[in-house]
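Peer 1:
Residue numbers (our numbering): 971 to 1812.
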């Protein structure tokens, strides 16, 4: 049996389409209808057509819809038939609107997108006539087809609201068409016919690394091109796609976009698959995960993978030694890292205090602030080709003599000569200080000069932690010959709170918790963290050995020999928990294991801005598997942030699973390629890692034995970065933070663009609690639950309002310390603007 469509063409009669339309009518009035009843109604309609109409009559769509109405009335579905009538009227209106669009737009591709939007989105919440009326308001005389497309993109974007959030996805479809048209022009101009010819052209132009063509044959590139799924272009939000276009797609020196979004994902996957035996299979695995936004690589990896200059790492940390040559070497290393787009952490705890001696001359040392100002000026001067200034966090121990001035680095009062407004200060705090803050806040706190301490005792206070630190600290307090500054704990806390509330900093690094759980404590200490507080790895200063003058082919060469310390570099990626089904163990495992393998490959593929980083990265093979979309995940699973019991149980299970799969994959890679060089004697090898986390189930005991036998590829595995930009690309919530607002406005290109929480519906609206409305003590306890499963640290923020008292803010930090949280990032007030660094965003 055939049916005549509205355009006059004939098609096969399909009962399924009738059933789908009826089901929509029932759904719209919250009615239920079984599949059996649906089939009964559609069968009755089909029978009527066959028995009541002449044999030579071919029914029209309108006649069939008339029969649907009559049949629903016969079956006493009065509310539903009214909905169906409205459904028909709405579709008639939609068809008219397509006609209205056609008066201005001839482009069939754009009209097809409008038709797809009608089919893919609820017409009640996303009426196409609203899009037309908004579009019509932007029309001007003499607009080109390109102008029309931009107008419709803007119209869809501005329709976004908390009641109709998917307009942001609709807007992205039109924006994708804009991007594709730009690319098509470039492809035509440069005669790029397929992915292979494009890679060859980009390589010749110095925009693609030659290593791609060196490692992939033409047939392999064709196979990977055929594997690309361009339907995945539809999953972006407007803001995410706009960011991809501006920052990640390859352009030539004239600004022409040359790379499609799916080509970008495949190019990244191809690069990171090069070390694999089955590089085609792995490239497909990684492409699937990246292109469905189930995970994102860090900003430097997404930006530079596949390109000639492949600096793929986000975070670097250096220990500043207490020598003039060493200090300048650290600042030079920072300049090199900054030049190549990385963020830096500098630990100044070993540098002698203001008033210390130099070569026995008493009171002549200027202290750490002058050197921090040097780092500050370097951050401003080395501005990454004018894109943005460099970014550096500077860390100091809370017992260092210069700490009071350090805590005023960015505050608004005091001597400008003691300020450094372009650095991000972080303070390293032992358990003893928090215990006194909680139990005896009026106690004295003593601050010492690290140079004087090491000179007298032959060892450094900062080289100890836990009980050993407390014993040494008390010994120094009792030593009347050691100079010190003394303030009450309460006054120290006041300095901290003043800075937190004015600037959002200093970051806090809980050094005892970090070092107790350091899986590589057999090889060193962890003094501080990085720019975003999530990295915690062994650190040590580099040492100058000698300077020699040698003759080389008749030329005089000066050779400086340096013994490298542990100069930390970490490679990051984030699982998008709002996009991965965390309740599907097979999907979660595949995602985790693929990303861990990709990150391990980054270590071998990377360009290192300084040789010190390369030495340390090869030594520990550290990676930082993180997560974004945490709040998004909770809401998808019907869990309120402040339902502490459900929240805690759920994330305890999820992060334990992630950790298990990450360790398992690192062990599997070690079987293939060998363990990291310091595995022997580590907590991984001895089993202490598993004991400290109480991992005693059958699966953990089995994995523990396998790790001991086969080793581990990566000395550090997990770190939760803030994911500022990559979470926008994924259309999810940032890092492990709650959303700031369910709905807000953002300015883009002079237009106001509404933004909404991911997956916002009438159901999820109330599950999404705004960050500043949440009990921050619950947030800190949940951070503690996650921390058990994270061998490094997390970028965790504290959200406060003007109603918070000093004691309430302090209690949040004490709660975090008690929960075992290793580090805390910013304190964020409602109106306070903080300069979050994007260098570490993964």
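We put the beta carbon where it would ideally sit given N, CA and C, even for glycine.
For the beta strand (DSSP E) containing residue 1207, name the first residue and the last one.
Peer 2: Segment: none, residue 1207 is in no beta strand (DSSP E) and carries neither H nor E.
Peer 1: What are the start and end residues of the beta strand (DSSP E) that includes residue 1388?
Peer 2: Premise fails: residue 1388 is in no beta strand (DSSP E) and is neither H nor E.
Peer 1: With a Cβ-Cβ cutoff of 8 Å, do residue 1712 and residue 1132 count as a contact?
Peer 2: For residue 1712 and residue 1132, yes; Cβs fall inside 8 Å.
Peer 1: Could you say which of 1665, 1602, 1570 and 1603 lies nearest to residue 1640 if we only look at CA atoms?
Peer 2: Per the Cα distances, 1570.
Peer 1: Within the chosen definition, does the stretch 1646 to 1659 reach the stretch 1594 to 1609 through at least 3 CB pairs nearer than 8 Å?
Peer 2: As far as the Cβ criterion goes, the stretch 1646 to 1659 does not touch the stretch 1594 to 1609, which means the pair count is below three.
Peer 1: Provide the residue span of the alpha helix (DSSP H) that contains residue 1694, from first to last.
Peer 2: Here residue 1694 belongs to no alpha helix (DSSP H), and DSSP marks it neither H nor E.
Peer 1: If distances are taken between C-alpha atoms only, which option among 1170, 1292 and 1103 comes closest to residue 1066?
Peer 2: Of the candidates 1170, 1292 and 1103, the one whose C-alpha sits nearest the C-alpha of residue 1066 is 1103.
Peer 1: Buried or exposed: where does residue 1809 fall if 16 or more other Cβ atoms within 10 Å of its Cβ makes it buried?
Peer 2: Per-residue confidence for residue 1809 stands at a pLDDT of 49, beneath the threshold of 50, marking its modelled position as unreliable; the derived number appears in the next sentence. Burial call: buried.
Peer 1: Please say whether residue 1096 and residue 1136 have beta carbons closer to each other than 8 Å?
Peer 2: In this structure, residue 1096 lies closer than 8 Å to residue 1136 by Cβ.
Peer 1: Per DSSP, which one or two residues make a beta bridge with residue 1716?
Peer 2: Paired residues: 1723.
Peer 1: Measure the alpha-carbon distance for residue 1758 versus residue 1635 and round it to whole angstroms.
Peer 2: Cα to Cα, residue 1758 sits roughly 19 Å from residue 1635.
Peer 1: Where do the N-terminal and C-terminal ends of the alpha helix (DSSP H) with residue 1562 fall, by residue?
Peer 2: Taken as a continuous stretch (DSSP letters only), the alpha helix (DSSP H) holding residue 1562 covers 1555 to 1575.
Peer 1: Below 8 Å on the Cβ atoms is my guess for residue 1368 versus residue 1399; work out the distance and round it to an integer in Å.
Peer 2: With a Cβ gap of about 5 Å, residue 1368 and residue 1399 count as contacting.
Peer 1: Given residue 1562, which residues of its chain have a CB within under 6 Å of its CB, disregarding the five upstream and five downstream residues?
Peer 2: Cβ within range, chain order: 1628, 1631 and 1632.
Peer 1: Using CA atoms only, rank isn't needed, just tell me which of 1101, 1372 and 1744 is closest to residue 1087.
Peer 2: The candidate whose alpha carbon is nearest that of residue 1087 is 1101.
Peer 1: For residue 1518, which residues does DSSP report across the bridge?
Peer 2: BP columns for residue 1518 point to 1529.
Peer 1: Which value, in whole angstroms, describes the spacing of the CA atoms of residue 1678 and residue 1657?
Peer 2: Residue 1678 and residue 1657: Cα-Cα distance of roughly 8 Å.
Peer 1: Assuming residue 1253 and residue 1259 make a contact with CB atoms under 8 Å, what is their CB distance in whole Å?
Peer 2: Not really, about 11 Å apart at Cβ, beyond 8 Å.
Peer 1: Give every residue of the same chain whose Cβ lies closer than 7 Å to the Cβ of residue 1305, excluding the five residues on either side of it in the sequence, and list them in chain order.
Peer 2: Hits under 7 Å: 1348 and 1352.
Peer 1: Can you list, in chain order, the residues of its chain whose CB lies under 7 Å from that of residue 1345, leaving out five sequence neighbours each side?
Peer 2: If we look at residue 1345 and ignore the five residues flanking it on each side, its Cβ neighbours are 1301, 1304, 1316, 1362, 1364 and 1393.
Peer 1: At which residue ranges does the stretch 991 to 1034 contain complete alpha helix (DSSP H) runs of 4 or more residues, listed in the order of the chain?
Peer 2: List check, alpha helix (DSSP H) in window: 1005 to 1022.
Peer 1: For residue 1278 and residue 1428, which I take to be in contact (beta-carbon distance under 8 Å), what is that distance rounded to the nearest angstrom?
Peer 2: Not quite, the Cβ-Cβ distance comes to about 49 Å (not below 8 Å), so this is no contact.
Peer 1: At what residues does the alpha helix (DSSP H) containing residue 1485 begin and finish?
Peer 2: Element bounds for residue 1485: 1481 to 1486.
Peer 1: Among the candidates 1686, 1707 and 1483, whose CA atom is the shortest distance from the CA of residue 1693?
Peer 2: Nearest option by C-alpha distance: 1707.
Peer 1: Can you name the start and end residues of the beta strand (DSSP E) that residue 1417 belongs to?
Peer 2: Counting along the chain, the beta strand (DSSP E) containing residue 1417 begins and ends at 1414 to 1417.
Peer 1: DSSP beta-bridge partners for residue 1596?
Peer 2: The partner list for residue 1596 (beta bridge, DSSP) reads 1544.
Peer 1: Examine the Cβ distances between the stretch 1766 to 1784 and the stretch 1741 to 1757 and report whether three or more of them are shorter than 8 Å.
Peer 2: Short answer: they touch.
Peer 1: Run through DSSP, which three-state label would residue 983 get?
Peer 2: Note: residue 983 maps to coil in three-state DSSP.
Peer 1: Taking residue 1372 as the reference, give the member of 1389, 1779 and 1360 with the closest Cα.
Peer 2: Closest by alpha carbon: 1389.
Peer 1: Taking the alpha helix (DSSP H) that residue 934 falls in, what are its first and last residues?
Peer 2: Nothing can be reported for residue 934, as the shown portion of the chain is limited to 971 through 1812.
Peer 1: Using only the alpha-carbon positions, how far apart do residue 1586 and residue 1653 sit?
Peer 2: Straight-line Cα distance between these residues: approximately 19 Å.
Peer 1: With the cut-off set at 8 Å, would you say residue 1431 and residue 1374 are in Cβ contact?
Peer 2: Against a cut-off of 8 Å, the Cβ pair of residue 1374 and residue 1431 comes out as no contact.
Peer 1: Does residue 1194 pass the burial test, meaning 16 or more other C-beta atoms within 10 Å, or should it be called exposed?
Peer 2: That one is buried.
Peer 1: If we require 4 or more residues per run, which alpha helix (DSSP H) segments fall completely within the stretch 1068 to 1098?
Peer 2: 1078 to 1090, all fully within the stretch 1068 to 1098.
Peer 1: Name the residue from 1513, 1529 and 1511 whose alpha carbon lies nearest to the alpha carbon of residue 1519.
Peer 2: That would be 1529, whose Cα lies nearest to the Cα of residue 1519.
Peer 1: In chain order, what residues of the same chain lie with their CB nearer than 7 Å to the CB of residue 1455, ignoring the 5 residues before and after it?
Peer 2: Taken in chain order, the residues that qualify are 1371 and 1417.
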